[in-house]
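Here's the structure, in structure tokens; my notes come after.
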Amino acid sequence: MDLVLDKHSLIIRTEGGLTIAGTRITIYDVMDHLTAGWTPKLILNWLPLTEEQLNAALSYINANRTEVEAEYKTVLQATQEMREYWENKNRERLAQIAKLPPKQGQEEIHAKLQAWKAKLGISA
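For the sequence shown, my numbering assigns the number 380 to the last residue and increments by one with no breaks.
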């Protein structure tokens, strides 16, 4: 359920966090760009926002800086944990796939590929 933080606000709280109303863009997306040193004009060119929406986001960030920054840090930490989880899971899966024998009928091309890898010094 969406919770409007202010009657006239363009910033709402959704299950995805603080979001710019009418979009799927979060305050955290804007914070990412600001942290990277982007100007508001660059952000407008990159994100599909109106000037009014971006100004509302920037105003909200400035008016609630401590809360927004604390929530942003939590979001970054959760994102990092998810990234690490999937990198490990993918690493394990790719290792399993690499151990599989070549498919029937592809033995010759597999042998050529392995020979080229050995020649180039590429492992697995």
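Don't be surprised by glycine CBs; every beta carbon is placed ideally from N, CA and C.
Given residue i as reference, the closest of the options once Cα atoms are compared
i: T279; options: K329, A312, K297; result: A312
Cβ neighbour criterion (16 or more within 10 Å) applied to residue i
i: T270; result: exposed
i: Y284; result: buried
i: M257; result: Residue confidence for M257 is low, a pLDDT of 47 falling below 50, so the modelled location carries little weight; the figure read from the coordinates is stated next. M257 is exposed by the Cβ-count criterion.
i: L298; result: exposed
Residues sharing a beta bridge with residue i, DSSP
i: L274; result: R269
Whole-number beta carbon distance between residue j and residue i, since they are thought to touch under 8 Å
i: E327; j: G273; result: 7 Å
N-terminal and C-terminal residue of the alpha helix (DSSP H) that residue i is part of
i: A313; result: 307-319
i: I283; result: 283-291
i: W302; result: 296-302
i: L376; result: 363-376
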